[in-house]
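Peer 1: My structure is below; once you've seen it, I'll send some questions.
Residue numbers (the numbering used here): 2 to 426.
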């Protein structure tokens, strides 16, 4: 096998697009030719040797499938490694940045460390093995696209973030640890296995495909209906065959089989097999328990959701942000009656990001249709003060499901023009 060792020597803060680092591109090239391969940093192309020391060449290999690229060290600013590769192997001995193995069609990538978000994005074939943790949108779709992973396999020994397998069409994703929110959102095929716990919203908007959860689901999705209570031996054998070779298994004694997401489709074919042992509340009539009451000083920990009704949308999207109507409709926080009582029935509340760096004061309004330990602020400049603009590394705002703190306040509600000037200048 033609082994090529790349030793990182780049420690600048700007990311480098390493989409040319693939066995396909290295095959047949001399060491000097590999050093001269161009990589983008910002709007300028630099030779690969600017970022890596190179040892080895691709001339001795019989084909690209014989090429083994070893990146010997952590590369926190290198993204798109293995982009659209079709064959061969890449090993990273350390942590790696975003988009590793995205759109890959074959071959193997092994990461002896952690991987950033969008690993295996829209991949069509091949295998990605991550021995550490991974970020968000693993095997998912890119912004503006609907379909995520189309084939292949991703195995993560540790934990993963939010939106694992979003838009999954085909293929297998195995996460042996925990995942966060929106696992399997918009899934239309394939298999997702989670060996640990899931935060919430697993399988939402799912049409087809399969999800297995071994651990506890903190908050279950409402659009899934119970079909059967199965022993581990009654779970379809093909699911065992898909996960057993990669160190995963069905460890629980029994599983609840669910079908959905009925909240989005009349006749969905998506299936979830959920550990009954670790989710006993699913077998009762009580459903998922409310979020716990957690205070930090006078501030109650809640989930922030934003959006708009048709009337609010008319004002928000087409209205004058300088008008009193805009402030009256949008500078408001809807709170469940029980939480409103906990906070002392305030006229105004201050909503803060978890780190306290972003705060906004809005009018408090009690609403029965808001869940306990949740708040709703119409999508507006006031909501955008708090909405995390990084959105789990995705570059777009989170409008649902972000944790914030809310507390009574006597401070002034700022006008929209002032917020716009301060927030977006």
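Where a beta carbon is used, it is the ideal one built from N, C-alpha and C, also for glycine.
Taking only runs of the beta strand (DSSP E) that begin and end inside the region 156-184, which ones reach a length of at least 3 residues, in chain order?
Peer 2: Counting whole runs of 3 or more residues, the region 156-184 contains the beta strand (DSSP E) stretches 173-176 and 180-182.
Peer 1: Cα separation between residue 66 and residue 24?
Peer 2: Taking the first residue of the chain shown as position 1, residue 66 is located at position 65. Taking the first residue of the chain shown as position 1, residue 24 is located at position 23. Each residue's Cα considered, the two are about 7 Å apart.
Peer 1: Do you know how far the Cα of residue 240 is from the Cα of residue 101?
Peer 2: Counted from its first residue, the chain shown places residue 101 at position 100. Counted from its first residue, the chain shown places residue 240 at position 239. Their Cα atoms are separated by approximately 26 Å.
Peer 1: Is residue 283 closer than 7 Å to residue 256 when the C-beta atoms are compared?
Peer 2: Indexing the chain shown from 1 puts residue 256 at position 255. Indexing the chain shown from 1 puts residue 283 at position 282. No, these two residues do not count as a Cβ contact at 7 Å.
Peer 1: Taking all protein chains shown into account, decide if residue 395 is buried (16 or more other Cβ within 10 angstroms of its Cβ) or exposed.
Peer 2: In the chain shown, counting from the first residue as 1, residue 395 sits at position 394. Here the model assigns residue 395 a pLDDT of 42, short of 50, so the residue's position is not dependable, and the following value carries that caveat. Buried.
Peer 1: Closest to residue 33 by CA distance: which of 55, 40, 42 and 77 is it?
Peer 2: On the chain shown, residue 33 is found 32 positions in, with the first residue counted as 1. Minimum Cα distance to residue 33 is reached at 55.
Peer 1: With respect to the alpha helix (DSSP H) encompassing residue 330, which residues constitute its N-terminal and C-terminal limits?
Peer 2: Along the chain shown, read from residue 1 onward, the residue named residue 330 stands at position 329. Residue 330 -> alpha helix (DSSP H) spans 325-331.
Peer 1: Answer with buried or exposed for residue 1, where buried requires no fewer than 16 other C-beta atoms within 10 angstroms of its C-beta.
Peer 2: The structure shown does not extend to residue 1, since the chain is modelled only from 2 to 426, so the question has no answer here.
Peer 1: So for residue 386, helix, strand or coil by DSSP?
Peer 2: For the purposes of this step, residue 386 is taken as the residue at position 385 of the chain shown. Of the three classes helix, strand and coil, the one that applies to residue 386 here is helix, per DSSP.
Peer 1: Our contact map puts residue 352 next to residue 247 with C-beta atoms below 8 Å; I'd like the distance itself, whole angstroms only.
Peer 2: Residue 352 sits at position 351 when you count from the first residue of the chain shown. Residue 247 sits at position 246 when you count from the first residue of the chain shown. The Cβ separation is near 43 Å, so there is no contact.
Peer 1: For the alpha helix (DSSP H) that residue 342 lies in, which residues bound it at each end?
Peer 2: Taking the first residue of the chain shown as position 1, residue 342 is located at position 341. Per DSSP, residue 342 belongs to the alpha helix (DSSP H) from 338-343.
Peer 1: Look at the alpha carbon of residue 398 and the alpha carbon of residue 386, and state the distance between them as a whole number of angstroms.
Peer 2: Looking up residue 398 in the chain shown gives position 397. Looking up residue 386 in the chain shown gives position 385. Since pLDDT at residue 398 reaches only 44, below the 50 mark, its modelled position is unreliable, and the value read off the structure follows with that caveat. Those two C-alpha atoms are separated by around 11 Å.
Peer 1: What did DSSP end up calling residue 423 once you bin it into helix, strand or coil?
Peer 2: Indexing the chain shown from 1 puts residue 423 at position 422. In this structure, residue 423 counts as helix in the three-state DSSP scheme.
Peer 1: For the region 403-414 against the region 292-302, are there 3 or more C-beta pairs whose distance is under 8 Å?
Peer 2: Short answer: they touch.
Peer 1: Could you tell me how far apart the beta carbons of residue 436 and residue 124 are, in whole angstroms, since I believe they sit closer than 8 Å?
Peer 2: Not covered by the structure: residue 436. The range shown for the chain is 2 to 426.
Peer 1: Using 7 Å as the threshold, is the C-beta distance between residue 149 and residue 169 below it?
Peer 2: Residue numbering aside, residue 149 sits at position 148 when the chain shown is read from its first letter. Residue numbering aside, residue 169 sits at position 168 when the chain shown is read from its first letter. Closer than 7 Å, so yes.
Peer 1: With C-beta atoms as the reference, is residue 335 less than 7 Å away from residue 295?
Peer 2: Counting from 1 along the chain shown, the entry for residue 335 is found at position 334. Counting from 1 along the chain shown, the entry for residue 295 is found at position 294. No, the pair does not count as a contact, with Cβ atoms beyond the cut-off.
Peer 1: For residue 81 and residue 355, what's the separation of their Cα atoms in angstroms?
Peer 2: In the chain shown, residue 81 corresponds to position 80, counting from 1. In the chain shown, residue 355 corresponds to position 354, counting from 1. Rounded to the nearest angstrom, the two C-alpha atoms are 31 Å apart.
Peer 1: In the structure shown, what three-state DSSP assignment does residue 306 receive?
Peer 2: If you number the chain shown from 1, residue 306 lands on position 305. Residue 306 falls in the strand class under three-state DSSP.
Peer 1: Just list the residues that DSSP pairs residue 128 with in beta bridges.
Peer 2: One-based indexing of the chain shown puts residue 128 at position 127. Residue 128 pairs with 109 and 154.
Peer 1: Over the uninterrupted beta strand (DSSP E) stretch that includes residue 260, give me the two end residues.
Peer 2: To locate residue 260, count along the chain shown from 1; it is residue 259. First-last of the beta strand (DSSP E) with residue 260: 255-261.
Peer 1: Taking the DSSP output, what are the residues bridged to residue 413?
Peer 2: In the chain shown, residue 413 corresponds to position 412, counting from 1. None; residue 413 has no bridge partner.
Peer 1: Name the two residues that bound the continuous alpha helix (DSSP H) containing residue 36.
Peer 2: For the purposes of this step, residue 36 is taken as the residue at position 35 of the chain shown. Residues 32-36.
Peer 1: Just tell me which of 276, 36, 17 and 270 has its CA closest to the CA of residue 45.
Peer 2: Position 44 of the chain shown, counted from the first residue, corresponds to residue 45. If we check each option's Cα against that of residue 45, 17 comes out closest.
Peer 1: What's the C-alpha gap between residue 195 and residue 423?
Peer 2: Counting from one through the chain shown, the residue named residue 195 turns up at place 194. Counting from one through the chain shown, the residue named residue 423 turns up at place 422. Between residue 195 and residue 423, the C-alpha separation is close to 42 Å.
Peer 1: Let me confirm a value: residue 418 is counted as buried when at least 16 other C-beta atoms fall within 10 Å, else exposed. Which label applies?
Peer 2: Here the question's residue 418 lines up with position 417 in the chain shown. Classification for residue 418: exposed.
Peer 1: For residue 4, which of helix, strand or coil comes out of DSSP?
Peer 2: In the chain shown, counting from the first residue as 1, residue 4 sits at position 3. Strand, per DSSP.
Peer 1: Count the other CB atoms within 10 Å of the CB of residue 210; is the residue buried (16 or more) or exposed (fewer)?
Peer 2: As a first step, residue 210 must be located in the chain shown, where it is residue number 209. Burial call: buried.
Peer 1: Can you give me the Cβ contacts of residue 223 inside the same chain, cut-off strictly under 7 Å, excluding the 5 residues immediately before and after it?
Peer 2: As a first step, residue 223 must be located in the chain shown, where it is residue number 222. Counting only Cβ-Cβ distances below 7 Å, and skipping sequence neighbours, we find 264.
Peer 1: When you compare the CB of residue 356 with every CB in chain D, is at least one pair closer than 7 Å?
Peer 2: In the structure shown, chain D does not exist; there is a single protein chain.
Peer 1: Out of curiosity, what's the CA-to-CA distance linking residue 279 and residue 212?
Peer 2: Working through the chain shown from its first residue, we reach residue 279 at position 278. Working through the chain shown from its first residue, we reach residue 212 at position 211. For residue 279 and residue 212, the distance between alpha carbons rounds to 16 Å.
Peer 1: Where does residue 50 sit, in a helix, a strand or coil, going by DSSP?
Peer 2: In the chain shown, the residue the question calls residue 50 occupies position 49. Residue state, collapsed to three classes: helix.
Peer 1: Just the Cα atoms here: how many angstroms apart are residue 340 and residue 357?
Peer 2: Counted from its first residue, the chain shown places residue 340 at position 339. Counted from its first residue, the chain shown places residue 357 at position 356. Rounded to whole angstroms, residue 340 to residue 357 spans 21 Å at the Cα level.
Peer 1: With residue 24 as the anchor, note down where its alpha helix (DSSP H) starts and where it stops.
Peer 2: Here residue 24 is taken as the residue at index 23 of the chain shown, counted from 1. First-last of the alpha helix (DSSP H) with residue 24: 24-27.
Peer 1: Does residue 237 pass the burial test, meaning 16 or more other C-beta atoms within 10 Å, or should it be called exposed?
Peer 2: Taking the first residue of the chain shown as 1, we reach residue 237 at position 236. Exposed, by the Cβ-count rule.
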